[in-house]
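Trainee: For the sequence shown, position 326 matches number 688 in our numbering, and the numbering has no gaps at all.
Here a beta-carbon is modelled for each residue, glycine too, at the ideal position from N, C-alpha and C.
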Amino acid sequence: MRVQERGDGRLRRRAVAAAGALALTGVLSALAPAPEARAAAPATAAATGARGAADAAAQASAAAPTATDAKNTRPVLPAPTGPYAVGTVTRHLVDASRADPWKPERGRREVMISLFYPADRGTTPPVAPVAPHMDAASAAHFGSARGAGSFNYGVRPDAADWTSTRTHARVDVPVARAARALPVVLYSSGLGDPRTWNTTLVEELASRGYVVVTLDHTYDSSEVLLPGGRLAESALPELAGAPVADVDAALRRAMKARVDDTRFVLDTLGSAQWRRGLPRGLGDALDLRRVGMAGQSAGGFTAAQALHDDRRLKAGINMDGQMDFPLPDSTGSKLSTVAREGVDRPFLLLGSDGPGADDNTASWTSFLEHSRGDQRRTTLAGARHGTFTDAPSLLPALVRQGALTEDALRQDVGTLRPERAVAATRAYVVAFFDRHLKAGS
Numbered sequence: 363m364r365v366q367e368r369g370d371g372r373l374r375r376r377a378v379a380a381a382g383a384l385a386l387t388g389v390l391s392a393l394a395p396a397p398e399a400r401a402a403a404p405a406t407a408a409a410t411g412a413r414g415a416a417d418a419a420a421q422a423s424a425a426a427p428t429a430t431d432a433k434n435t436r437p438v439l440p441a442p443t444g445p446y447a448v449g450t451v452t453r454h455l456v457d458a459s460r461a462d463p464w465k466p467e468r469g470r471r472e473v474m475i476s477l478f479y480p481a482d483r484g485t486t487p488p489v490a491p492v493a494p495h496m497d498a499a500s501a502a503h504f505g506s507a508r509g510a511g512s513f514n515y516g517v518r519p520d521a522a523d524w525t526s527t528r529t530h531a532r533v534d535v536p537v538a539r540a541a542r543a544l545p546v547v548l549y550s551s552g553l554g555d556p557r558t559w560n561t562t563l564v565e566e567l568a569s570r571g572y573v574v575v576t577l578d579h580t581y582d583s584s585e586v587l588l589p590g591g592r593l594a595e596s597a598l599p600e601l602a603g604a605p606v607a608d609v610d611a612a613l614r615r616a617m618k619a620r621v622d623d624t625r626f627v628l629d630t631l632g633s634a635q636w637r638r639g640l641p642r643g644l645g646d647a648l649d650l651r652r653v654g655m656a657g658q659s660a661g662g663f664t665a666a667q668a669l670h671d672d673r674r675l676k677a678g679i680n681m682d683g684q685m686d687f688p689l690p691d692s693t694g695s696k697l698s699t700v701a702r703e704g705v706d707r708p709f710l711l712l713g714s715d716g717p718g719a720d721d722n723t724a725s726w727t728s729f730l731e732h733s734r735g736d737q738r739r740t741t742l743a744g745a746r747h748g749t750f751t752d753a754p755s756l757l758p759a760l761v762r763q764g765a766l767t768e769d770a771l772r773q774d775v776g777t778l779r780p781e782r783a784v785a786a787t788r789a790y791v792v793a794f795f796d797r798h799l800k801a802g803s
């Protein structure tokens, strides 16, 4: 690889890693009022003023079964802890207003989304299937030599059975009967990661009364299964060995595509006709006056930039995503517009303290200096870039299978116990969105 200098930052290294593979980015953190506060345990979420929601999520998550069980050699997602069961539905969207930015010869931009939402417990039809964590075709590619499981997380190619993991969400079931005016959260994964790669967090939000819309950024995500069995593989490996200018251009293209995808999904959610095609009651339950966005790594950058560009978003969370580029633009700055100008709505920066965390410093500092309103930044001690994904839940079992080394696991998720990482992430995200999307509702 040509581009390896530390000063160019983790986002560039991720694209370069993604360029012979795929990539990972991010810094993990916890919710606390002081800009540089450090959280050693999830209970510090009480400092946000949302003590009840945060503490309940932390305690319940810590008690939930996870893949850290010494006897468990199969990757298992921890159960959500909220009062609702979870439903899910997947939809294929076509943006007629733009060609695909990665593969314009393929025609209009196609985006796959999944919605996770509150459902009633004990009333779902027995025939309603439980959704897999990944469909079979995507799981096979994710675990291959060209997939994110290998290049983002160090799992030996074809050594893990990614098809065996199930979610806790039932497909196409009605929304909970008591559900009214549900706040909406959009979720964007890290560069190269699929939309499924934070189901642990997404299901938790749905079980606590949110509709969560997960986005796959086609040809950025490791793989996306499109209608007709078409598997759209990431374009990022084509950057292998590319000069820094090409990597910079690809990152800027990726971020524009991600923000455009986000705004297109917001447009789609606003269509009453489209909402009528959702499972019973769901379309009427969406409260599009209260929409937030969260993401990990490049997904966190996406959440911030989308909040900057689109006022329909009311609050956002960036989990370990730097918000600048390898090379300066025409203004002479490497910083993105959101890092230079900030936002005027609530935003949470969640960071890790592992190697590479300093890559966030320039963009995060500028972002906070130029933002107004409830802005928070904190660091989760012992966390690494992958802590705020499904990695803590699923990867420990792969170590016991021999598909992942202990060293690779520590590089992925740090020294924080996996069940505590899950509890912390869930607690802080729920607390922040409860405060800014539910308070007063």
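Taking the beta strand (DSSP E) that threonine 576 belongs to, which residues open and close that run?
Mentor: 573-578
Trainee: For aspartate 715, which of helix, strand or coil comes out of DSSP?
Mentor: coil
Trainee: Using 8 angstroms for Cβ pairs, my map puts threonine 664 next to methionine 617. What's the rounded Cβ distance?
Mentor: 7 angstroms
Trainee: For the alpha helix (DSSP H) that contains valine 606, what are its first and last residues?
Mentor: 606-631
Trainee: For phenylalanine 478, which option in Leu563, Gly718, Leu711 and Asp691 has the closest C-alpha, if you only look at C-alpha atoms?
Mentor: Leu563
Trainee: Have a look at aspartate 796 and glycine 603 and give me their C-alpha separation to the nearest angstrom.
Mentor: 44 angstroms
Trainee: Thinking just about the alpha-carbon of each residue, which of Pro688, Ala481 and Gly744 is nearest to the one in valine 533?
Mentor: Ala481
Trainee: Return the first residue and the last residue of the alpha helix (DSSP H) that glycine 657 is part of.
Mentor: Where glycine 657 is concerned, there is no enclosing alpha helix (DSSP H), although the beta strand (DSSP E) it sits in stretches over 648-658.
Trainee: To the nearest angstrom, report how far apart tyrosine 308 and valine 792 are at their CA atoms.
Mentor: Any answer about residue 308 is impossible in this case: the structure gives the chain only from 363 up to 803.
Trainee: To the nearest angstrom, how far is it from the Cα of leucine 644 to the Cα of threonine 693?
Mentor: 45 angstroms
Trainee: Could you please give me the residues that DSSP links to methionine 681 through a beta bridge?
Mentor: Gln658 and Leu712
Trainee: Do you know offhand how far arginine 652's Cα is from glycine 764's?
Mentor: Taking the straight line from one Cα to the other gives about 45 angstroms.
Trainee: DSSP beta-bridge partners for glutamate 595?
Mentor: Glu585
Trainee: Might you give, ordered along the chain, the residues of its own chain that have their beta carbon closer than 7 angstroms to the beta carbon of glycine 511, omitting 5 neighbours on each side?
Mentor: Here glycine 511 has Phe504, Gly505, Val517, Ala522 and Trp524 as same chain residues with Cβ atoms under 7 angstroms from its own Cβ, once five neighbours each way along the sequence are excluded.
Trainee: Just the Cα atoms here: how many angstroms apart are glutamine 658 and leucine 766?
Mentor: Rounded to whole angstroms, the separation of the alpha carbons of leucine 766 and glutamine 658 is 22 angstroms.
Trainee: With burial defined as no fewer than 16 other Cβ atoms inside 10 Å of the residue's Cβ, what is the status of histidine 454: buried or exposed?
Mentor: exposed
Trainee: Taking the DSSP output, what are the residues bridged to arginine 739?
Mentor: Leu711
Trainee: Can you say whether proline 545 is buried or exposed, counting buried as having 16 or more other CB atoms within 10 angstroms of its CB?
Mentor: buried
Trainee: Out of curiosity, what's the CA-to-CA distance linking histidine 495 and aspartate 462?
Mentor: 26 angstroms
Trainee: The alpha helix (DSSP H) with threonine 435 in it runs from where to where?
Mentor: Where threonine 435 is concerned, there is no enclosing alpha helix (DSSP H), given that its DSSP letter is neither H nor E.
Trainee: In the structure shown, what three-state DSSP assignment does glycine 530 receive?
Mentor: Residue identity check: residue 530 is histidine in the sequence provided, not glycine. Strand, per DSSP.
Trainee: Going by DSSP, which residues form a beta bridge with valine 492?
Mentor: In the DSSP output, where bridge partners are listed per residue, valine 492 has Arg532.
Trainee: Any contact between the segment 735-742 and the segment 700-715? By contact I mean 3 or more CB pairs, one from each, below 8 angstroms.
Mentor: yes
Trainee: Out of Asp671, Pro599, Arg702 and Gly713, which one is the CA nearest neighbour of alanine 507?
Mentor: Pro599
Trainee: Starting from proline 641, trace the beta strand (DSSP E) in both directions and tell me its first and last residue.
Mentor: Note, proline 641: premise wrong, no beta strand (DSSP E); not H, not E.
Trainee: Determine the contact status of alanine 647 and valine 492, defining contact as a CB-CB distance below 8 angstroms.
Mentor: no
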